[in-house]
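A.B. asks:
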Amino acid sequence: MAAASRLAPPQEAYARYTHHATRCWACRDIDQRCSTGEQLYRAWRQRLDRAAHKVSGCD
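Residue numbering for the sequence shown follows the working numbering, starting at 10 and increasing by one per position.
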């Protein structure tokens with residue numbers, strides 16, 4: 010990937026979330042909670058919702 014290319018904001022947020030969630034023992038354990046993982050998940054969903062809203066023309 011070229012240095013100048015970037016992912017779309019929802020993709021960047023998802024990458025941050027999955028990078029954390031796949032390495033965090035609490036995120037991988039169904040019986041545990043991880044505030045960092047939850048925060049990253051919410052950030053990803055917000056960016057995804059914002060992008061969908063923008064694409065739909067409801068800006």
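We put the CB at the ideal spot given by N, CA and C, even for glycine.
Rounding to the nearest angstrom, what Cα-Cα distance links Y26 and R32 in this structure?
C.D. replies: The residue you call residue 26 lines up with position 17 of the sequence shown. The residue you call residue 32 lines up with position 23 of the sequence shown. If I take the Cα positions, the gap works out to 10 Å.
A.B. asks: Which residue wins for smallest C-alpha separation from R51, given the options R15, L16, A17, A22?
C.D. replies: Residue 51 sits at position 42 when you count from the first residue of the sequence shown. The option with the nearest alpha carbon to R51 is A22.
A.B. asks: Alpha carbons only, please: which of R56, W34, Q41, V64 is nearest the one belonging to Q20?
C.D. replies: Stepping through the sequence shown from its first residue, residue 20 is reached at position 11. Nearest of R56, W34, Q41, V64 to Q20, Cα basis: R56.
A.B. asks: With DSSP run on the structure shown, which of helix, strand or coil describes S65?
C.D. replies: As a position in the sequence shown, residue 65 is number 56, starting the count at 1. Here S65 sits in coil by DSSP.
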